[in-house]
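Novice: Numbering (this note's numbering), first residue to last: 173 to 386.
Beta carbons are placed, not taken as given, at the ideal position from N, Cα and C, and that holds for glycine.
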């Protein structure tokens, strides 16, 4: 039963590396929870992260269901989505190198109740269309359209991505003040993450093209 949900070990290993890089890549959710940490408290940062994580879990369940419906309707359409997804991953990789990711921490933000902070984190991810597009194009790269357990594997991969981000992001929250200082002193740190992000996405795109050409 365990094997119905979990892909092969090499796939999980590659996916874990990608998940860690993605967790370290700045985005609107990271900007929010780190800003709330340095401006208010670690509890506020954790509340914002909790909301953002809830949003990711909701996206995961809905997207896994949608992809599963597509797969049940047409394996060919699922394969086309994977190829289109590879092209989108290349676009994201190029954009990361050309424009970089922005992480500007607001130290002057006003204090808010933790419930309000949690809701703000939830909405940041839940209402972000880029997350939907990314999940729809990224998750299928690790599932074969002919796998009878593709639905379960898609759900596992989405939730696993969220699980991997927890220790990474909690660590960022704990050391938020030091990270803010580091980013001000050394912008190259962010550029290093950008290049790592681009390399991972580009590698998966090439992997897919080679697999489909066989």
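Since I believe residue 297 is in contact with residue 222 (beta carbons under 8 Å), could you give me their beta-carbon distance rounded to a whole number of angstroms?
Specialist: By 1-based counting over the chain shown, the position of residue 222 is 50. By 1-based counting over the chain shown, the position of residue 297 is 125. The Cβ separation is near 11 Å, so there is no contact.
Novice: Which ranges would you report for the alpha helix (DSSP H) in the segment 247-299 if only whole runs of at least 4 residues count?
Specialist: You should have 247-271 and 286-298.
Novice: State yes or no: is the C-beta of residue 261 within less than 7 Å of the C-beta of residue 373?
Specialist: By one-based count along the chain shown, residue 261 stands at place 89. By one-based count along the chain shown, residue 373 stands at place 201. Yes, the Cβ-Cβ distance between residue 261 and residue 373 is below 7 Å.
Novice: So residue 326 and residue 311 are in contact, right, with Cβ under 8 Å, and what is the actual spacing, rounded?
Specialist: Here residue 326 is taken as the residue at index 154 of the chain shown, counted from 1. Here residue 311 is taken as the residue at index 139 of the chain shown, counted from 1. So it is a contact: roughly 5 Å between Cβ atoms.
Novice: Can you give me the C-alpha to C-alpha distance between residue 363 and residue 370, rounded to a whole angstrom?
Specialist: For the purposes of this step, residue 363 is taken as residue 191 along the chain shown, with counting starting at 1. For the purposes of this step, residue 370 is taken as residue 198 along the chain shown, with counting starting at 1. In a straight line, the C-alpha of residue 363 is about 10 Å away from that of residue 370.
Novice: List in chain order: all unbroken alpha helix (DSSP H) runs of 4+ residues lying wholly within the segment 174-217.
Specialist: You should have 174-177, 181-196 and 200-211.
Novice: Taking residue 316 as the reference, which of 218, 239 and 263 has the closest Cα?
Specialist: Start at 1 with the first residue of the chain shown, and residue 316 comes out as number 144. It is 239.
Novice: State yes or no: is the C-beta of residue 220 within less than 7 Å of the C-beta of residue 196?
Specialist: Sequence index remark: in the chain shown, residue 220 carries index 48 (1-based). Sequence index remark: in the chain shown, residue 196 carries index 24 (1-based). In this structure, residue 196 does not lie closer than 7 Å to residue 220 by Cβ.
Novice: Would you be able to state if there are at least three C-beta pairs under 8 Å between the segment 334-351 and the segment 199-213?
Specialist: Yes, since at least three Cβ pairs between the segment 199-213 and the segment 334-351 fall closer than 8 Å, the two stretches touch.
Novice: Could you spell out where the alpha helix (DSSP H) holding residue 338 opens and where it closes?
Specialist: By one-based count along the chain shown, residue 338 stands at place 166. Looking at the DSSP string, the run of the alpha helix (DSSP H) that includes residue 338 is 322-346.
Novice: CB-CB under 8 Å to residue 177, same chain, minus the five flanking residues each way: which ones, in chain order?
Specialist: Taking the first residue of the chain shown as position 1, residue 177 is located at position 5. Once the five neighbours on either side are set aside, the close Cβ partners of residue 177 are 321, 324, 325, 327 and 328.
Novice: In whole angstroms, what separates the C-alpha of residue 192 from that of residue 340?
Specialist: Position 20 of the chain shown holds residue 192. Position 168 of the chain shown holds residue 340. Each residue's Cα considered, the two are about 7 Å apart.
Novice: For residue 305, name the three-state secondary structure that DSSP assigns.
Specialist: Numbered from 1 along the chain shown, position 133 holds the residue referred to as residue 305. Helix at residue 305.
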